[in-house]
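Student: Heads up, the sequence shown is in the numbering used here, so the first residue is 4 and it goes up one at a time. Heads up, the beta-carbon is just placed ideally off N, CA and C, and yes, glycines get one too.
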Amino acid sequence: MEKHTFLIAGNHGEYKLTFYKKDGKAWLNCSCPAGEYGQHCRHAIALINGDTSMVIGNNIQEAAEIKNMVKGTRLEILVKNVMAAESVLKKAKKLVSEQKEELDSIMYPFGPRVKKSEKHQMIFTIRS
Ligand SMILES: [Zn+2]
């Protein structure tokens with residue numbers, strides 16, 4: 004089994020991130036608390052994507068090789084899929100936000116600060 008250990012400068016101290024590879028499978032284990040919050044470790048994701056900016060210590064060059072070491076593994080594919088899906092989600096959220104804003108401008112033309120009696124008044128522009 005291939006094993007590499009890196010020291011990571013995190014937001015709340017230093018973490019130990021270990022990379023393993025065996026029989027075409029790769030995985031990473033980080034001591035940061037991301038998993039406890041149901042999140043993916045951003046340090047591992049960064050290394051998979053070739054970003055070594057948070058690696059401290061004398062094996063930064065080795066960390067840069069992680070990107071090549073995960074090539075072709077299920078780990079690499081899933082990280083790419085998740086990132087692509089998150090990008091789609093981000094764009095969809097932006098679109099929803101923009102459309103809601105435009106809808107608000109039509110439904111509430113006097114803005115959100117209207118008198119209480121006018122609060123539920125909606126004005127629609129219709130074509131005759
Ligand atoms: Zn981490």
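Is Y18 near ligand 1, in the sense that its beta carbon is under 7 Å from a heavy atom of that ligand?
Tutor: Walking along the sequence shown from the start, residue 18 turns up at place 15. Within the chosen limit of 7 Å, ligand 1 reaches the beta carbon of Y18 through at least one heavy atom.
Student: May I ask you to list the residues that DSSP assigns as paired with H7?
Tutor: Position 4 of the sequence shown, counted from the start, is the residue given in the question as residue 7. In the DSSP output, where bridge partners are listed per residue, H7 has F22.
Student: Please report the residue range of the alpha helix (DSSP H) in which K93 lies.
Tutor: Numbered from its first residue, the sequence shown carries residue 93 at position 90. Looking at the DSSP string, the run of the alpha helix (DSSP H) that includes K93 is R77 to M110.
Student: Verify whether the separation of the beta carbon atoms of Q50 and A66 is less than 8 Å.
Tutor: Mapped onto the sequence shown, residue 50 falls at position 47. Mapped onto the sequence shown, residue 66 falls at position 63. According to the sequence displayed, residue 50 carries Leu and not Gln. Contact flag set, yes.
Student: Using 8 Å as the Cβ pair cut-off and three pairs as the minimum, do the segment 36–53 and the segment 79–89 touch?
Tutor: yes
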